[in-house]
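A.B. asks: Using this note's numbering, read the sequence shown as starting at 1 and increasing by one per residue.
I have a structure here, written as structure tokens, and I will follow up with some questions on it.
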Amino acid sequence: MASPVPPVSQVSGCRACCVPGCASSQLRRRRSLKAAAGLPAAGTSIPRPRQRLDGRRRLRASPASATGPPQLSSIRSVVLDIEGTTSPISFVTDVLFPYARDNVRKHLDATYGSDETNDDIAMLRAQVEQDLSEGITGVVPVPPDEAGKDPVIDALVANVEAMIKADRKITSLKQLQGHVWRTGFESEEIKGVVFDDVPPALQKWHASGIKTYIYSSGSREAQRLIFGNTTYGDLRKYLCGFFDTTVGTKREARSYYEIWQSVGVDRPSQILFLTDVYQEAAAAKAAGLEVLISIRPGNAPLPENHGFQTITTFADIL
């Protein structure tokens, strides 16, 4: 649930009248919140992010790498991506994805008819219907329940395998993957992998009163499983919450505006977002967040002159 928005006095005064909650004050309030987030008014497009990272003097960007260690002096919340930021990309591509692909049929067969799996199937059916209407190749229609369990599962497995191969960031797939991974974590077939510098950074931020959140295309349940069952133990005690694609996709500025509204800070510039993906960094910057790009082994190359400060370890953040 999103935290209450700041009182009108913290955003802008209503000069039209003195009646709390009037339409005029609410309109001004919404406009002020959008302006504070760096978002355009309704009906206008989000501007392209500038090549340089403005904002706090100590978090100024260089074209490709940091000129000095970033500071956290005015940051109240940190939002972390997982793949390529807290965890190696290989953990996702070589461990999590194959496990889900290889075990999805067994999971569906064992849980078929349960409320949770019924919900998973309904979401996948809706996604498949949308994909068919958009002409996406390789999509297999899912028969109705009356066709029987096996034909339904066969179609679902075919679609899930294709979605995983295409690395699609869609809620229906991520939700089912999380449920499959849960079995793997509970049986200890899977352990969450994070970089060595992540646990001490989480501990330090927690001790300093900085609230840390995770934002990933993986479901919130999957995120909790990863950080609750790492090779360093349960790291969830250092985390304040989890965001997934239900808040919006990671390449849209609106998603980061929604996160700002949820974490309880006065200004989006009080949030530091770390990611390895340029498009995500640009979207977060457009929403007013401070941004660092994570350079880790195996990450995809960044565009030249991308304009964001980079780090190679969380220890670089002071």
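Glycine is no exception: its CB is placed at the ideal position from the N, C-alpha and C atoms.
Owing to the predicted nature of the structure, the values given are computational and were not obtained by experimental measurement.
Roughly how many whole angstroms lie between the Cα atoms of T249 and S217?
C.D. replies: Using only the alpha carbons, I get a separation of about 7 Å.
A.B. asks: Any contact of the stretch 156-167 with the stretch 115-124, i.e. 3+ C-beta pairs under 8 Å?
C.D. replies: Cβ pair count under 8 Å is three or more, so yes.
A.B. asks: When burial is assigned at 16 or more other CB atoms within 10 Å of the CB, is P141 buried or exposed?
C.D. replies: By the 10 Å Cβ count, P141 comes out exposed.
A.B. asks: What does the alpha-carbon distance come out to for the pair Y256 and A147?
C.D. replies: Spanning the two alpha carbons is a distance of roughly 42 Å.
A.B. asks: Between V152 and V104, is the Cβ-Cβ spacing less than 8 Å?
C.D. replies: Not in contact: V152 and V104 (Cβ atoms no closer than 8 Å).
A.B. asks: Tell me which residue opens and which closes the beta strand (DSSP E) that G135 is part of.
C.D. replies: Unbroken run through G135: none, as it is neither H nor E.
A.B. asks: With a cut-off of 8 Å on the beta carbons, I'd call F308 and V198 a contact; round off their distance for me.
C.D. replies: Contact flag wrong, Cβ pair sits at about 20 Å.
A.B. asks: Starting from S77, follow the beta strand (DSSP E) in both directions and report where the run begins and ends.
C.D. replies: From DSSP, the beta strand (DSSP E) with S77 extends over S77 to L80.
A.B. asks: Can you give me the Cβ contacts of Q270 inside the same chain, cut-off strictly under 7 Å, excluding the 5 residues immediately before and after it?
C.D. replies: Correct list, in chain order: S74, I75, R76 and S77.
A.B. asks: Once DSSP output is grouped into helix, strand and coil, what is the label at T273?
C.D. replies: Sequence check: residue 273 is Phe here, not Thr. Reduced to three states, the DSSP call for F273 is strand.
A.B. asks: Which one of A166, Q177, I170 and D102 has the shortest CA to CA distance from T117?
C.D. replies: Among A166, Q177, I170 and D102, the Cα nearest to that of T117 belongs to Q177.
A.B. asks: From the DSSP output, in three-state form, read off G228 for me.
C.D. replies: In the structure shown, G228 sits in a helix (DSSP, three-state: H, G or I).
A.B. asks: Alpha carbon to alpha carbon, what distance is there between T137 and I82?
C.D. replies: Rounded to whole angstroms, I82 to T137 spans 29 Å at the Cα level.
A.B. asks: So Y238 packs on L272, CB below 8 Å; how close in whole Å?
C.D. replies: With a Cβ gap of about 15 Å, Y238 and L272 do not count as contacting.
A.B. asks: Can you tell me whether S3 is helix, strand or coil according to DSSP?
C.D. replies: For S3, the predicted structure reports a pLDDT of 39, less than 50, and the residue's modelled location is therefore unreliable. A value from the coordinates is still provided. In this structure, S3 counts as coil in the three-state DSSP scheme.
A.B. asks: Under the rule that 16 or more other beta-carbon atoms within 10 Å means buried, what is Q130, buried or exposed?
C.D. replies: Q130 should be labelled exposed.
A.B. asks: One question on the structure: do S219 and K169 come within less than 8 Å of each other, judged by their Cβ atoms?
C.D. replies: No, Cβ-Cβ distance for S219 and K169 is not below 8 Å.
A.B. asks: Given this structure, state the Cα-to-Cα distance separating V79 from G135, to the nearest angstrom.
C.D. replies: Spanning the two alpha carbons is a distance of roughly 36 Å.
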